[in-house]
Amino acid sequence: MYVVLLGAPGAGKGTQAPILARAIGGVHLSTGDMLRQAVREQAPIAEKARSYMEQGLLVPDEIVLELLRTRLSRADSADGFVLDGFPRNPAQADALEANLKEIGQKLDAVVSLEVPDDLIVQRLSSRWSCATCGRTFNRPHDAGGTCPYDGMTLFQRSDDRPEVIRKRLNVFHAQTAPLIAYYEKRGLLVHVDGVGTLDEVEERIAKALEAAKA
5 MYVVLLGAPG AGKGTQAPIL ARAIGGVHLS TGDMLRQAVR EQAPIAEKAR
55 SYMEQGLLVP DEIVLELLRT RLSRADSADG FVLDGFPRNP AQADALEANL
105 KEIGQKLDAV VSLEVPDDLI VQRLSSRWSC ATCGRTFNRP HDAGGTCPYD
155 GMTLFQRSDD RPEVIRKRLN VFHAQTAPLI AYYEKRGLLV HVDGVGTLDE
205 VEERIAKALE AAKA
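Taking my numbering, I'd label the letters of the sequence shown as residues 5 to 218.
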């Protein structure tokens, strides 16, 4: 089964995508992870992406698509995949469709994992990080404290502050609203309530995909 997982930052895509990938017997494909791996492995394409990543800019579509095309051609993705973080707009969706067609594949479903903005702001603004061990902890957004593992002072990343989160959500909604309409028109989109425990959301996704296959 070939699935795209859509959702706002903080909606739970990063948690649910690998679980779903295991459930369908496929692989979890995150464009962010693929880019970071290409940089670690010093792959030729990494040189094209590095300057954008170091500046905190979005990597251009043509670079992401080249990386994705290479990854989709590997044998392990032939059994199924969950694509997380791509596409972000209808133009990218067109390019993905063309890439899949080249290798004889097509999407089976697109899952829209939906969580209210206020809850996402609450979730993300409660994340505090340890600069030494990299662990994250949930605390009130104006808290802080020290890491229980190494005693270092916790800090809040700039993109986890409420005002920044709302800006990120505004960008997401502006980009994704047309994409949702794009996939609804093709009969591929399934809406899933992303509020609840990990197991509850996992079960909703499974039921939605089962219904989509019927």
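Ideal Cβ positions, reconstructed from N, Cα and C, are used throughout, including at glycine. As the structure is a prediction and not an experimental result, all values here were calculated from the model.
Which of the three DSSP states, helix, strand or coil, is assigned to residue i?
i     : result
Ala12 : coil
Val63 : coil
Does the ligand PLP have even one heavy atom less than 7 Å from the beta-carbon of residue i?
i     : result
Ser55 : As presented, the structure is devoid of all ligands, the ligand PLP included, so that no description of it is given.
Using a 10 Å radius around the Cβ and a threshold of 16 neighbouring Cβ atoms, would you call residue i buried or exposed?
i      : result
Lys17  : buried
Gly30  : buried
Asp122 : exposed
Ala25  : buried
Tyr153 : exposed
Gly11  : buried
Ser129 : buried
Leu202 : exposed
Pro91  : buried
Gly191 : exposed
Ala215 : exposed
State the start and end residues of the unbroken alpha helix (DSSP H) segment that holds residue i.
i      : result
Val194 : That residue, Val194, is in no alpha helix (DSSP H); its beta strand (DSSP E) goes Leu193 to Asp197.
Asp203 : Leu202 to Lys217
Asp98  : Pro94 to Glu106
How many Å lie between residue i and residue j at the Cα?
i      : j      : result
Ala15  : Leu87  : 15 Å
Arg131 : Ala42  : 28 Å
Asp112 : Pro144 : 40 Å
Tyr56  : Val63  : 6 Å
Gly89  : Val8   : 9 Å
Pro48  : Asn103 : 20 Å
Met5   : Lys110 : 9 Å
Val194 : Ala181 : 14 Å
Gly34  : Gly149 : Sequence inspection shows Ser at residue 34; the Gly mentioned does not correspond to that position. Cα to Cα, the separation comes out at about 32 Å.
Ala79  : Ile28  : 16 Å
Glu66  : Val115 : 24 Å
Thr136 : Gly108 : 45 Å
Arg172 : Val119 : 14 Å
Ser162 : Arg127 : 15 Å
Val183 : Ile169 : According to the sequence displayed, residue 183 carries Leu and not Val. Taking the straight line from one Cα to the other gives about 21 Å.
Asn93  : Val175 : 11 Å
Gly200 : Arg208 : 10 Å
Tyr186 : Cys151 : 45 Å
Arg73  : Met156 : 42 Å
Arg139 : Ser133 : 6 Å
Leu71  : Ala50  : 9 Å
Ile23  : Glu206 : 8 Å
The beta strand (DSSP E) with residue i in it runs from where to where?
i     : result
Phe85 : Phe85 to Asp88
Cβ of residue i less than 8 Å from any chain D Cβ?
i     : result
Gly11 : The structure shown contains no chain D; it holds only a single protein chain.
Minimum length 3: unbroken beta strand (DSSP E) runs contained in the segment 111–135: 113–118 and 131–133
Complete alpha helix (DSSP H) runs within the segment 134–196 (minimum length 4 residues, chain order): 166–189
Ranges of the beta strand (DSSP E) found wholly within the segment 18–45, counting only runs of at least 3: 31–34
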